[in-house]
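Trainee:
Residue numbers (our numbering): 3 to 491.
(1) Do you know whose CA, among 406, 465, 384, 438, lies nearest residue 68's CA?
(2) Can residue 406 and residue 412 be called in contact, C-beta distance under 8 Å?
(3) Three-state secondary structure (DSSP) at residue 482?
(4) Return the chain-ordered list of same chain residues with a C-beta closer than 7 Å to the C-beta of residue 82, the five sequence neighbours on each side being excluded.
(5) Is it buried or exposed for residue 222, if we count other Cβ within 10 angstroms and need 16 for buried?
(6) Work out the CA separation of residue 34 and residue 11 for me, nearest whole Å.
(7) In terms of residue numbering, what span does the alpha helix (DSSP H) encompassing residue 302 cover?
(8) Report all residues from its chain with a CB closer than 6 Å to the CB of residue 175; omit the five preceding and five following residues, and keep chain order.
(9) If I follow the unbroken beta strand (DSSP E) through residue 374, where does it start and stop?
(10) In the structure shown, what three-state DSSP assignment does residue 94 receive?
(11) Which residue marks the beginning of the beta strand (DSSP E) containing residue 345, and which one marks its end?
(12) Around the C-beta of residue 115, are 16 or more other C-beta atoms found within 10 angstroms, so that it is buried, or is it exposed?
(13) Would you tell me roughly how many angstroms separate the C-alpha atoms of residue 307 and residue 143, rounded to the nearest one?
(14) Taking residue 31 as the reference, give the member of 53, 45, 58, 48 with the closest Cα.
(15) Would you report the Cα separation of residue 293 and residue 38, rounded to the nearest angstrom?
(16) Among residues of its own chain, excluding the 5 on either side of residue 46, which ones have a beta-carbon nearer than 8 Å to its beta-carbon?
(17) State yes or no: is the beta carbon of residue 202 nearer than 8 Å to at least one beta carbon in chain B?
(18) Use the C-beta contact count for residue 18: other C-beta atoms within 10 angstroms, 16 or more gives buried, fewer gives exposed.
(19) Quick check: what's the CA-CA separation for residue 157 versus residue 442?
(20) Can you tell me whether residue 489 is helix, strand or coil according to DSSP?
Okay, structure coming up:
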């Protein structure tokens, strides 16, 4: 009897400890969290944004919730986001460790590596390399315009027909980043590249799915033969495929005469061969995977969103074409510098990025030390979730925060302006590494295609669906587009 009462008392004490607020002193407020599960029952993995917005309305721009047993702080609104990403950037520049996404990439690569010397070295090297390969200069323009010619030829052969927009834009973006990484493009029906892209899709779905959440929440299940293990097998396949590209590439490599990112990295490895260095073949592989995945999805999904609106709001498409025709009259092709003379096109492209909201929760950050955030105490190692979506649709920051309208980026004189709340690439030391490339791609692709073609919503496609599908990157639902040559071309 005594033993039974003692066990009951211990159980009650355990439950009391588990059910009471586990938030540290002066931690941001938030909803009640269940033992072990945290706020999982309320957190829809299909799209958590509505739940986040409801919590923001209740607790303000800084609140906390539990991802399984782990506390996380969600930061919303332009002012709070700037405080985290810029003003106190070093305090919040870490990445959460011991999570499924980190395990998948083996805690390597530019995107998910924790804040430290290895990340700093690779970030510095990558920025320098991207600049040296002509981002914002003619060499990169020529690569993008050259790739676009394949798309133009295909569209010209299929005028009047309905085509998959998703496949088209994904192929363009993938080949542009392949040119940067490997100085190589792939035919759009190339079986190797189709398999390569499909494997990225598989990994991304697993990272964004329920098995990833269970992996993060319950370490005791990680050695069990459960579906999350597919991610580890798939990433090994991607590594082998990337290694085959690099090995083939090295047969024609001339040290000291780099053609692309891989050559530059190998040259850097050679320079550092006699010193302790973080540069290695494994880091090269993971950096290539990081850059390809990030560079393909974000750009293609932004274009998908943009052309969905351009087709269904033809008056905006026509006004873009009028400005393009006027500025490019007598010129064979567009240059990135032409953007300064196209305020309306610039406004449309930026509005596409704002509404596309491609990476609404950025990539999770972590506090690198015990610190404070707008009056709250944040312990070292706390997960920080930057809600970039909140800034992109924040009341008071935009003329039309909840609709697609290029006027959000035009002043009373019709000049292009960029509000402070425009944060699709994040900000601070963790700002998107490929921002310069993405900006150039979006401008050159949109202008070149609109100059040549008119894009039409197919008559048999029904009503357009503007709802976005949530994931690591957000994308519109698949749709087809009808293409016609413009009469002036």
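Glycine included, each C-beta is placed from N, C-alpha and C at the ideal position.
Mentor: If we stick to the structure as given:
(1) Of the candidates 406, 465, 384, 438, the one whose C-alpha sits nearest the C-alpha of residue 68 is 384.
(2) no
(3) strand
(4) 63, 64, 376
(5) exposed
(6) Confidence at residue 11 is low in this model, with a pLDDT of 49, below 50, so the placement of that residue should be treated as unreliable; the coordinate-derived value is given next. Their Cα atoms are separated by approximately 24 Å.
(7) Segment 283 to 314, the alpha helix (DSSP H) holding residue 302.
(8) 298, 301, 302
(9) Its beta strand (DSSP E) spans residues 373 to 375.
(10) helix
(11) Run containing residue 345: none in the beta strand (DSSP E); it sits in the alpha helix (DSSP H), 345 to 358.
(12) buried
(13) 23 Å
(14) With distances taken between CA atoms, residue 31 lies nearest to 58 out of 53, 45, 58, 48.
(15) Separation of residue 293 and residue 38 (C-alpha to C-alpha, rounded to the nearest whole angstrom) is 35 Å.
(16) 52, 53
(17) Absent from the structure is chain B; it holds one protein chain and no more.
(18) Its pLDDT being 43, under 50, residue 18 is placed unreliably in this model, and the coordinates cannot settle the point.
(19) In this model, residue 157 and residue 442 are separated by some 22 Å (Cα to Cα).
(20) coil
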